[in-house]
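Chemist: Please read through the structure below; I'll follow up with questions.
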Amino acid sequence: MKMERPAQARALPKAPTGIEGLDEITGGGLPKGRPTLVCGGPGCGKTLLATEFLVRGATQFGEPGAFISFEETGEELAQNVRSLGFDLDALVEDKKLAIDHVRVERSEIEETGEYDLEGLFVRLGFAIDSIGAKRIVLDTIESLFGGFTNEALLRSELRRLFRFLKDKGVTAVITGERGERSYTRQGLEEYVSDCVILLDHRVNEQVSTRRIRIVKYRGTVHGTNEYPFLIDEAGFSVLPLSGLQLDHAVSNERVSSGVPDLDEMLDGKGYYRGSSILVSGTAGTGKTSLAAHFAHETARRGERCLYLAFEESPQQLIRNMQSIGVDLEPFVKKGVLKLHSSRPTLHGLEMHLVQIHKMVAQFEPAAIVIDPVSNFIDTSTAIETQAMLLRMLDFLKGKRITALFTHLTSGARPTEATDVGVSSLIDTWLLMRGIETGSERTRGLYVLKSRGMPHSKEIREFLITPRGVQLKTMKGRKK
Amino acid sequence: MTPADAASAEKWNLRLYTAGQSPKSLAALANLKRVCEEHLAGRYSIEVVDLLKNPRLAKDDQIVAIPTLVRKLPEPLRRLVGDLSDTERTLVGLQLRPRQ
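These protein sequences, in sequence, are chains E and H.
Position one of the first sequence corresponds to residue 1 (my numbering), numbered consecutively onward.
Position one of the second sequence corresponds to residue 1001 (my numbering), numbered consecutively onward.
If you want it as structure tokens, here you go:
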């Protein structure tokens, strides 16, 4: 793959897609007045991306669009996106959208001599002119190759078609099925040289993930990574998180951990706002209790907190925490605390992260708890996890959201090693472990690190009482 | 009995789609008239539709290639693409001659 040159002096005019995340990784949208090729295997979301591009263009950017479908009828298209809240029929009615289903069936076509595809051009022209379309989708033009035998003619007509679209000044999305050796079966990338977007849908250990990559974008700086994307009830969304940037605004403000004893260990003031906190420990050491304290305290201050539970249902969590005197329920009812449970293996890691991204965008919390983050790790390979966690932390820090993660470590491992190399990203790291003292087994907590503050180096005994967590000093106790 | 005999009593209704006066369109019309005179003398009508003048019809009648000949009657509807210079295929396409 050829890498694009970095920023050129003049920025290319862009047509925003309105699709969450996509405009960020393309630096503002698709090349205006030019064709973009969107390719990928069957079921990768090409048609949806194209449809959303038109719908959002028509509804958000005042640019009517024409949908030239070679595969599905207008009715089928409308049906496909109805569940996403897109009403194509209404858009057609309002003259914001024109749909033309071009049916090409070889069995119905007898070729008797020379021909060209002027009929198609007439249709495109009519669809564009009838509503003053600024955007057009051809989905997928490769079907022509199934209907006509004269390949040389088709290729020269395709070349003419792309010129025609440029002359018309419409921003076009051309979809193509992924070929074995090329991006598309018929080598459409040969004709569309401005922007090529590749969609991918892969299944790894029964977990499906969708990825998007900008293969090329002439004259524009663009993200070259593969970005996860999600198709859900709100349409298409891309997780646009770039590499870690270390230029976040930092806060000197402190927020309480919800446990007075722990605040005391942290310079008497608790965590920094917008920092990331990792609570790691073996099973049953009280990680969730600590997380619940933090969530409770955040909500008590009247700040919104998003609590993602991957091991317990919201009801279970509420009940269990009530037993130690942390009552989350009133805050859930008030709407300042949002408990969200899901099984980690249900989706791929990306899917989770995109979902978190969306929930954060909707709920705008001041703090987020992910309990536990280790379950994410189980669904992916280590390198993927690290990259994704990096992106997520980066995103949360950018929004100045205080993030608390719990992480389950297995007893056999050295406690200070995490499976994921996120340590460098973590500001405050609390370690919890079982300690055997004489005939007794107690729980201990210590602050492994906490950036930017003089913190306690002491191992405290971690007590869970009906009135919450307490951290008792163990000095003077017999070892 | 050949298909031509079977259809001998029927009225033929043919529609040729063109886009302006291109050489291919003119050739198609000339070829079509020749075939009709030879096989359907006195019982055919040809309607020429210029899509440049009626662009809406391209969508309504599912026209992609130009020229396209559509046999509206007798049914079933048949669709021929090209300038009809291949007489053999034209006759087969119109079902005036059985497919070899």
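Backbone N, C-alpha and C define an ideal beta-carbon position, used for all residues, glycine too.
Which one of V326/E, D371/E, I435/E has the shortest CA to CA distance from L408/E?
Modeler: It is D371/E.
Chemist: Which residues does DSSP list as the beta-bridge partners of K216/E?
Modeler: Answer is V196/E, bridged to K216/E.
Chemist: Counting only runs of 4+ residues fully inside the segment 42-107 of chain E, write out the alpha helix (DSSP H) ranges in chain order.
Modeler: Counting whole runs of 4 or more residues, the segment 42-107 of chain E contains the alpha helix (DSSP H) stretches 46-60, 74-82, 88-93.
Chemist: Does the beta carbon of D394/E sit closer than 7 Å to a beta carbon anywhere in chain H?
Modeler: With 7 Å as the cut-off, D394/E does not count as an interface residue toward chain H.
Chemist: Give the DSSP bridge partners of H1039/H, in chain order.
Modeler: H1039/H is not bridged to any residue.
Chemist: Of all the CB atoms in chain H, is at least one closer than 7 Å to the CB of F126/E?
Modeler: Yes, contact with chain H.
Chemist: Inspect the CB distances between the segment 274-289 of chain E and the segment 390-409 of chain E and report whether three or more fall short of 8 Å.
Modeler: With the cut-off at 8 Å, the segment 274-289 of chain E and the segment 390-409 of chain E touch.
Chemist: Taking just the CA atoms, how far does V255/E sit from A133/E?
Modeler: Cα to Cα, A133/E sits roughly 53 Å from V255/E.
Chemist: So, is the C-beta of L120/E closer than 7 Å to a C-beta in chain H?
Modeler: By this cut-off, L120/E is an interface position.
Chemist: Roughly how many angstroms lie between the CA atoms of L1026/H and G219/E, to the nearest whole one?
Modeler: About 45 Å.
Chemist: Between S1085/H and chain E, is any beta-carbon pair separated by less than 7 Å?
Modeler: Yes - at least one Cβ of chain E is within 7 Å of the one on S1085/H.
Chemist: Of the residues D100/E, E75/E, H101/E, which one's Cα is nearest the Cα of D89/E?
Modeler: Taking only the C-alpha atoms, the option nearest D89/E is E75/E.
Chemist: Taking the C-alpha atoms as reference points, what is the distance between V1070/H and D87/E?
Modeler: Using only the alpha carbons, I get a separation of about 35 Å.
Chemist: Write down every uninterrupted run of the beta strand (DSSP E) in the segment 314-371 of chain E whose length is 3 residues or greater and which is fully enclosed by it, in chain order.
Modeler: Complete beta strand (DSSP E) runs here, min 3: 337-341, 367-371.
Chemist: Between which two residues does the alpha helix (DSSP H) carrying P260/E extend?
Modeler: From DSSP, the alpha helix (DSSP H) with P260/E extends over 260-265.
Chemist: Could you give the residue range of the beta strand (DSSP E) that holds S276/E?
Modeler: Here the beta strand (DSSP E) through S276/E covers 276-281.
Chemist: P16/E and K32/E: beta carbons closer than 7 Å?
Modeler: No, the Cβ-Cβ distance between P16/E and K32/E is not below 7 Å.
Chemist: Give the interface partners of E111/E over in chain H, defined as CB-CB distance under 9 Å, in chain order.
Modeler: Here the neighbours are A1065, L1080, V1081, G1082, D1086, R1089, G1093.
Chemist: Can you check whether the C-beta of Q1062/H is within less than 7 Å of a C-beta belonging to chain E?
Modeler: Output row for Q1062/H: interface = yes.
Chemist: Rounded to whole angstroms, what is the Cα-Cα separation between G223/E and E20/E?
Modeler: Taking the straight line joining both Cα atoms gives about 15 Å.
Chemist: Could you tell me if A58/E is buried or exposed, where buried requires 16 or more neighbouring beta carbons within 10 angstroms of its beta carbon?
Modeler: Buried: at least 16 other Cβ atoms inside 10 Å.
Chemist: So if DSSP puts N1013/H in a beta bridge, which residue, or which two residues, is it bridged to?
Modeler: DSSP, once it has assigned bridges, lists S1045/H, L1073/H as partnering N1013/H.
Chemist: Is DSSP giving I128/E helix, strand or coil here?
Modeler: The answer is helix: DSSP assigns I128/E an H, G or I state.
Chemist: Once DSSP output is grouped into helix, strand and coil, what is the label at M474/E?
Modeler: M474/E: coil per DSSP, three-state reduction.
Chemist: Taking the beta strand (DSSP E) that F310/E falls in, what are its first and last residues?
Modeler: Looking at the DSSP string, F310/E is not in any beta strand (DSSP E), and its letter there is neither H nor E.
Chemist: To which residues of the same chain is D23/E closer than 7 Å at the C-beta, ignoring the five residues directly before and after it?
Modeler: Taken in chain order, the residues that qualify are P16, T17, G29.
Chemist: If you draw a straight line from the C-alpha of T415/E to the C-alpha of F70/E, how long is it?
Modeler: A caution first: T415/E carries a pLDDT of 47, below 50, which makes its placement in the model too unreliable to give a value.
Chemist: Could you check the C-alpha separation between S107/E and Q1095/H for me, to the nearest Å?
Modeler: Looking at the two C-alpha atoms, the distance is approximately 14 Å.
Chemist: Within a Cβ cutoff of 6 Å, which residues of the same chain sit near A66/E, ignoring the five residues on either side of it in sequence?
Modeler: Hits under 6 Å: A98, A127, I128, A133, I136.
Chemist: Whole angstroms are fine: how far does the CA of S289/E sit from the CA of L337/E?
Modeler: Roughly 16 Å between the two C-alpha positions.
Chemist: Using DSSP's beta-bridge definition, name the partner residues of E157/E.
Modeler: DSSP, once it has assigned bridges, lists no residue as partnering E157/E.
Chemist: For P1055/H, count neighbouring Cβ atoms within 10 angstroms of its own Cβ and tell me buried if that reaches 16, exposed if not.
Modeler: P1055/H is buried by the Cβ-count criterion.
Chemist: Comparing the C-beta of W1012/H with each C-beta of chain E, is any distance below 7 Å?
Modeler: Not an interface residue.
Chemist: On the premise that G147/E lies in contact with I109/E, defined as a C-beta separation below 8 Å, what is that separation, rounded to the nearest angstrom?
Modeler: With a Cβ gap of about 6 Å, I109/E and G147/E count as contacting.
Chemist: Could you give the distance in angstroms between the alpha-carbon of G187/E and the alpha-carbon of L393/E?
Modeler: For G187/E and L393/E, the distance between alpha carbons rounds to 40 Å.
Chemist: Closest to V122/E by CA distance: which of G1082/H, L1052/H, P1098/H is it?
Modeler: Closest option to V122/E, Cα to Cα, is L1052/H.
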